[in-house]
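Structure first, commentary second.
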Amino acid sequence: MSAVNIAVLVSGGGTNLQALLDSQRVGTLKSGRITLVVSNNADAYALRRAEAAGVAAKAIVRAVFPSQEAFEDALLDALDEAGAELVILAGFLSILSRRFTERYPRRILNIHPSLIPSFCGKGFYGLRVHEAALAYGVKVTGATVHFVNEVPDGGEILLQKAVDVLPGDTPETLQRRVMEQAEWILLPQAAELVSQNIMKEKETNDRSS
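Under our numbering, the first residue of the sequence shown carries the number 1107, and numbering increases by one thereafter.
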């Protein structure tokens, strides 16, 4: 059976996308295949990463559309055209509606740079998460991969990994350590795990049809 088609949604530099691409290249992500990368930022470096890896890359910018619904329709059309079976949000800075997420139940993954339920929800993204962790004085932080629903960072947790906060950390140094020690490890693991489950479901459906 062919690998599961994965679409990755991005907004910025695409370091988590690169972790997925590298994992696919070395064979640790083998049950899924990245077939499309979409950014809501036309200037996102992640699009260049996708093109360098030979993956179709497309910009769909919210400001071009008259409403969130029209923007999400364009996203859904792109995903449908690519035959996407799994959607991964890898630094995608746009909140998706219930209407969108219900099209892919337990088929949308997000990576968040904290141990949910800490430092998560609306307004917690990027360096803001690490600034909040340092301000609170936690000794351990980390990253979480979760299924996506209409509540920001509110879906079922799939994987988590802890990372120590070190004396003298800045938001930037902590961000980098969380990426290296947690995000770039967890996201490919989660992609492979969910892709395996999708393949098993397809095999079961094929046998019963």
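Backbone N, C-alpha and C fix where the C-beta goes; we use that ideal spot for every residue, glycine too.
These numbers were taken from a predicted model, which means no experiment stands behind them.
Environment of residue i [buried if 16+ CB atoms lie within 10 Å]
i: Pro1062; result: What is shown of the chain runs 1107 to 1315, which leaves residue 1062 out entirely.
i: Pro1294; result: buried
i: Asp1259; result: buried
i: Ala1190; result: buried
i: Leu1272; result: exposed
i: Glu1307; result: exposed
i: Ala1268; result: exposed
i: Val1246; result: exposed
i: Gly1274; result: exposed
i: Ala1148; result: exposed
i: Val1049; result: Summary: the structure shown does not reach residue 1049, with the chain confined to residues 1107 through 1315, and so no result is reported for it.
i: Val1132; result: exposed
Residue closest to residue i, alpha-carbon to alpha-carbon, out of the options
i: Tyr1242; options: Ile1214, Ser1220, Val1257, Arg1213; result: Ser1220
i: Arg1237; options: Leu1192, Leu1272, Gln1281; result: According to the sequence as given, residue 1237 is Glu; it is not Arg. Checked all of Leu1192, Leu1272, Gln1281; the closest Cα to Glu1237 is Gln1281.
i: Lys1228; options: Leu1202, Glu1178, Val1244, Gly1138; result: Leu1202
i: Met1285; options: Ala1109, Leu1126, Val1114; result: Leu1126
i: Ala1150; options: Ala1159, Ala1163, Ile1140; result: Ala1163
Short Cβ contact (8 Å threshold) for residue i with residue j
i: Ser1145; j: Leu1135; result: no
i: Arg1168; j: Leu1123; result: no
i: Ala1249; j: Ala1288; result: yes
i: Ile1291; j: Ile1194; result: no
i: Val1170; j: Leu1142; result: no
i: Ala1176; j: Gly1120; result: no
i: Thr1310; j: Val1254; result: no
i: Phe1198; j: Val1116; result: yes
i: Ser1314; j: Val1110; result: no
Cutoff 6 Å; reference residue i; Cβ partners in own chain excluding five residues on either side
i: Ala1296; result: Leu1215, Val1251, Leu1264, Leu1265
i: Pro1277; result: Leu1233, His1236, Glu1237
i: Ala1335; result: The question about residue 1335 has no answer here: the residues shown for the chain are numbered 1107 through 1315.
i: Ala1239; result: Phe1225, Thr1247
May I have a chain-ordered list of the alpha helix (DSSP H) segments no shorter than 4 residues that lie completely inside the stretch 1140 to 1203?
1151 to 1158, 1174 to 1188
Entirely within the stretch 1243 to 1315 and at least 3 residues each: give me those beta strand (DSSP E) ranges in chain order.
1246 to 1253, 1263 to 1270
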